[in-house]
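Engineer: Be aware that the sequence shown starts at 1, since it is given in UniProt numbering, and climbs by one per residue.
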Amino acid sequence: MATDAAAPETSTDSVLGGRLTLRQPKTGHRVGHDALLLAAFAPADRRRIVDLGAGVGSCGLAFLTRVPQAQGVLVEIAPELADLARENAALNGLSARVEVTAGDVTRLGRPSGPDVPQAGSADLVLTNPPFNDTAQHRISPDAARARAHMADGALLEDWVRAADRCLAARGVLCLIHRPQALAELLAALDGRFGAVEILPVHPRPDRPAVRLLVRAVKGRRTPPALLPGLILAGADGTPTAAADAVLRQGAGLEQSGLAQS
Numbered sequence: 001m002a003t004d005a006a007a008p009e010t011s012t013d014s015v016l017g018g019r020l021t022l023r024q025p026k027t028g029h030r031v032g033h034d035a036l037l038l039a040a041f042a043p044a045d046r047r048r049i050v051d052l053g054a055g056v057g058s059c060g061l062a063f064l065t066r067v068p069q070a071q072g073v074l075v076e077i078a079p080e081l082a083d084l085a086r087e088n089a090a091l092n093g094l095s096a097r098v099e100v101t102a103g104d105v106t107r108l109g110r111p112s113g114p115d116v117p118q119a120g121s122a123d124l125v126l127t128n129p130p131f132n133d134t135a136q137h138r139i140s141p142d143a144a145r146a147r148a149h150m151a152d153g154a155l156l157e158d159w160v161r162a163a164d165r166c167l168a169a170r171g172v173l174c175l176i177h178r179p180q181a182l183a184e185l186l187a188a189l190d191g192r193f194g195a196v197e198i199l200p201v202h203p204r205p206d207r208p209a210v211r212l213l214v215r216a217v218k219g220r221r222t223p224p225a226l227l228p229g230l231i232l233a234g235a236d237g238t239p240t241a242a243a244d245a246v247l248r249q250g251a252g253l254e255q256s257g258l259a260q261s
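Now the structure itself:
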């Protein structure tokens with residue numbers, strides 16, 4: 001547990017139209033659309049989830065809010081953020097369904113890795129891995145923000161390996177990443193996951209995708225499929241019906257009218 005001296009200054013914020021309340025640091029990495037879109041992309045028939053790199057718990061707790069039959073383990077390397085994830089689970093009445101552990105995701109895929117989460121225990125892994133190449137981007141002086149956003153060439157492979165270890169056969173991995181990493185992402189999934197579904201996320205109808213939502217099944221060999229894209233806002237900046245359903249009404253993407261957006 002973090003000591004009082006180490007505890008960051010926080011704000012308390014509501015997301016999903018007030019369905020989820022989160023305490024989070026006032027500075028550094030803040031909860032944004034990525035975590036909420038990822039939670040909405042995950043299939044609602046899953047009951048045992050693991051959230052890798054959970055931060056303050058936004059993605060895992062958003063999924064558990066939408067799927068009341070599920071329970072989960074949230075893994076976060078920073079003890080102060082893991083503490084906030086525990087507080088957020090309690091704040092939203094989810095403590096009985098959530099275990100939070102402070103651990104390094106890159107160690108989870110190793111034979112000598114930690115016992116929590118247990119190998120093969122999950123039917124869904126959610127993850128928003130660090131996505132900026134340290135060789136091409138200036139590293140933030142804020143340590144938590146740097147951990148959340150910076151990666152090296154092997155890190156994605158480590159996170160996919162950790163997800164593979166956590167999942168039972170035919171378990172589902174859902175992640176969000178930048179379009180520039182598509183080749184690296186497919187390479188990391190190859191041999192472990194198949195039936196890959198890729199959903200591009202566009203800020204406006206005339207803009208290139210800024211994120212890829214990716215869903216894959218452990219042990220499958222079915223070729224990848226590119227899904228119709230999600231457009232967050234119209235040309236005038238007004239949120240689309242699909243984006244509003246997901247980000248403000250707490251719907252899953254399968255309920256959002258995505259095909260009509």
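In this text, a Cβ means the ideal position worked out from N, Cα and C, and glycines have one as well.
1. Can you list the alpha helix (DSSP H) stretches of 4 or more residues lying completely in the segment 148 to 218, in chain order?
2. List the DSSP bridge partners of L226.
3. What residue does the alpha helix (DSSP H) around D13 start on, and which one ends it?
4. Starting from residue 270 and walking both ways along the alpha helix (DSSP H), at which residues does that stretch end?
5. Measure the alpha-carbon distance for R147 versus G237 and round it to whole angstroms.
6. Where does L52 fall in DSSP's three states?
7. Which ranges would you report for the alpha helix (DSSP H) in the segment 44 to 129 if only whole runs of at least 4 residues count?
8. Taking a contact to mean a Cβ-Cβ separation below 7 Å, would you say T222 touches G194 in this structure?
9. Between which two residues does the beta strand (DSSP E) containing L20 stretch?
10. Counting C-beta neighbours from all protein chains within 10 Å, is the total for K218 16 or more, i.e. buried, or is it exposed?
11. Would you mind reading off the limits of the alpha helix (DSSP H) that contains A242?
12. N88 to V98, Cα distance in whole Å?
13. Expressed to the nearest angstrom, what Euclidean distance is found between the alpha-carbon atoms of D115 and T240?
14. Which two residues bound the contiguous alpha helix (DSSP H) that contains H33?
15. Would you mind sorting I139 into buried or exposed? The rule is 16 or more other CB atoms within 10 Å of its CB.
16. Could you pull out every residue in the same chain whose Cβ sits closer than 8 Å to the Cβ of L16, ignoring the five residues on either side in sequence?
Structural biologist: Answer, in terms of the structure:
1. 155 to 166, 182 to 189
2. Residue 226 sits at position 226 when you count from the first residue of the sequence shown. According to DSSP, which records beta bridges pairwise, L226 is partnered with I198.
3. Position 13 of the sequence shown holds residue 13. D13: not part of any alpha helix (DSSP H); member of the beta strand (DSSP E) spanning 10 to 15, first to last residue.
4. What is shown of the chain runs 1 to 261, which leaves residue 270 out entirely.
5. To locate residue 147, count along the sequence shown from 1; it is residue 147. To locate residue 237, count along the sequence shown from 1; it is residue 237. Reliability of the predicted coordinates at R147 is poor, the pLDDT of 42 falling under 50, and the value obtained from them is presented with this limitation in mind. Each residue's alpha carbon lies about 31 Å from the other.
6. Start at 1 with the first residue of the sequence shown, and residue 52 comes out as number 52. If DSSP states are grouped into helix, strand and coil, L52 belongs with the strands.
7. 58 to 66, 79 to 91, 105 to 108
8. On the sequence shown, residue 222 is found 222 positions in, with the first residue counted as 1. On the sequence shown, residue 194 is found 194 positions in, with the first residue counted as 1. Against a cut-off of 7 Å, the Cβ pair of G194 and T222 comes out as a contact.
9. For the purposes of this step, residue 20 is taken as residue 20 along the sequence shown, with counting starting at 1. That run of the beta strand (DSSP E) goes 20 to 25.
10. As a working note, residue 218 is residue 218 in the sequence shown. K218 comes out buried.
11. One-based indexing of the sequence shown puts residue 242 at position 242. Where A242 is concerned, the enclosing alpha helix (DSSP H) stretches over 241 to 247.
12. As a first step, residue 88 must be located in the sequence shown, where it is residue number 88. As a first step, residue 98 must be located in the sequence shown, where it is residue number 98. Computed Cα separation, rounded: 10 Å.
13. Indexing the sequence shown from 1 puts residue 115 at position 115. Indexing the sequence shown from 1 puts residue 240 at position 240. The straight-line gap from Cα to Cα measures roughly 43 Å.
14. Walking along the sequence shown from the start, residue 33 turns up at place 33. Where H33 is concerned, the enclosing alpha helix (DSSP H) stretches over 33 to 41.
15. The sequence position of residue 139 within the sequence shown is 139, counting from 1. The predicted position of I139 is uncertain, since its pLDDT is 38 and thus under 50; no value can be drawn from it.
16. What you label residue 16 is simply residue 16 of the sequence shown in a count that begins at 1. Counting only Cβ-Cβ distances below 8 Å, and skipping sequence neighbours, we find L36, A62, T65, L247, R248, Q249, G250.
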